[in-house]
Amino acid sequence: MEGKKGKSFKGKTVQEVIESVFPSCNIINMDEKDRIKIIDKNIYSKTPKEFIDKIKGIYVRNVIADVGTGTDGIECNFRFTNYKTTGKGVNHEALEDYGLEFIPQQEITLGTTLKINLIFWNSKTFYTHKLNVGDKVSFIDGLGKMIKATIKETSARPSNTGECSLILKLEDDSNKKRKR
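Take the sequence shown: its position 52, counted from the start at 1, is 51 in numbering that gives the first Met the number 0, and no numbers get skipped.
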């Protein structure tokens, strides 16, 4: 990255900047509005790690290193997500369509102040490569209520004697309303 301080990204879109720092190894899971947002701060970085540290939480919600396919020489992809989108056009895929093994269990976490409780759900489905961090999902809880959530973490439980499972940690979409 150029210069003593590093490369400046002010005036460019978030998508342009991500593609310039991580050419051919980026996956951008962001809606159009967040992709074309102009960087209005003087952000300088000398290394990709420094770049991630400076944009995370401001222009992107999360950055995850993801295993590449290896077929095109890319061993690692960087997945950039902004999964707090709301409003029209946001689709929540039903977890039941992916072989939901049990009704997700609720986990409540205290936020930064004692007035805010953040709700997360622990879920388990049959293994699929179609669900990723940042995807919007829904399910019916034990009381028959439709719960809308966003995948925050994934892990897999492989098995050579039975079915493989995908374990999901879901962030309840109502957390955004609660934080205001």
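Note that the Cβ used here is the ideal one computed from N, Cα and C, for glycine as well.
Point to revise | Cβ-Cβ separation, ILE51 to THR204 (assumed contact under 8 Å), whole Å | key: No answer is possible for residue 204: the residues shown for the chain start at 0 and end at 179.
Exercise for review: Find the nearest neighbour of LYS147 within the set THR46, GLY133 and ILE26, judged by alpha-carbon distance.
Suggested key: Nearest of THR46, GLY133 and ILE26 to LYS147, Cα basis: GLY133.
Review point. DSSP beta-bridge partners for LYS123?
Key: LYS123 pairs with ILE166.
Check your understanding: Would a C-beta distance cut-off of 8 Å place SER122 and LEU94 closer than the cut-off?
Key -> The answer is yes: Cβ separation under 8 Å.
Review point. Buried or exposed: PRO22, going by 16 or more other Cβ atoms within 10 Å of its Cβ?
Key: Counting Cβ neighbours within 10 Å, PRO22 comes out exposed, since fewer than 16 surround it.
Point to revise | Spatial distance of MET29 from VAL62 (CA atoms) | key: Those two C-alpha atoms are separated by around 11 Å.
Review point. Could you give the residue range of the alpha helix (DSSP H) that holds PHE50?
Key: Taken as a continuous stretch (DSSP letters only), the alpha helix (DSSP H) holding PHE50 covers 47-54.
Check your understanding: Alpha carbon to alpha carbon, how far is GLU106 from TRP120?
Key -> Those two C-alpha atoms are separated by around 6 Å.
Review point. Which same chain residues, not among the five before or five after GLU162, have their C-beta less than 8 Å away from its C-beta?
Key: Only PHE125 and TYR126 meet the Cβ criterion.
Exercise for review: Please look up how many angstroms separate the CB atoms of LEU130 and ILE150, rounded, as I've assumed it's under 8 Å.
Suggested key: So it is a contact: roughly 6 Å between Cβ atoms.
Exercise for review: Please report how far the alpha carbon of ASN41 lies from the alpha carbon of ILE35, in whole angstroms.
Suggested key: Per the coordinates, the alpha-carbon of ASN41 lies some 17 Å from the alpha-carbon of ILE35.
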